[in-house]
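Engineer: Take this structure, written in structure tokens, and hold onto it; I'll ask about it next.
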Amino acid sequence: MDPDKIPLLGGKSVHCINEQQMEEAVRLAEQDVESSPKIQSRLKALEVELSRNELAALAFVIIQRLKESSP
Numbered sequence: 003m004d005p006d007k008i009p010l011l012g013g014k015s016v017h018c019i020n021e022q023q024m025e026e027a028v029r030l031a032e033q034d035v036e037s038s039p040k041i042q043s044r045l046k047a048l049e050v051e052l053s054r055n056e057l058a059a060l061a062f063v064i065i066q067r068l069k070e071s072s073p
């Protein structure tokens, strides 16, 4: 498959996500008193405005930017 045409949805994972990191992310997004309301409000707006594929693209771009900005 042409690497420029790898679909973002379904299929094989292109990133390995640590299970503990995912659990902490879900906790922060769903249970943390301070962070959850901010995350949930933005997530709801994005889910209304963006397609599933656009949401996947945004997730990958955010992960990439975090990787590039980490010390």
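For the sequence shown, my numbering assigns the number 3 to the initial residue and increments by one for each residue that follows. Ideal Cβ positions, reconstructed from N, Cα and C, are used throughout, including at glycine.
Compute the Euclidean distance between the alpha carbons of proline 39 and proline 73, then round it to the nearest angstrom.
Structural biologist: Looking at the two C-alpha atoms, the distance is approximately 28 Å.
Engineer: Please state whether the Cβ-Cβ distance between leucine 52 and leucine 45 is less than 8 Å.
Structural biologist: Taking 8 Å as the Cβ cut-off, leucine 52 and leucine 45 do not qualify as a contacting pair.
Engineer: Which whole runs of the beta strand (DSSP E) in the stretch 28 to 71 are 3 residues long or more, in chain order?
Structural biologist: You should have found no qualifying run.
Engineer: Does methionine 3 come out as helix, strand or coil in the three-state DSSP assignment?
Structural biologist: Any reading at methionine 3 is ruled out, since the residue's pLDDT is 48, under 50, leaving its predicted position unreliable.
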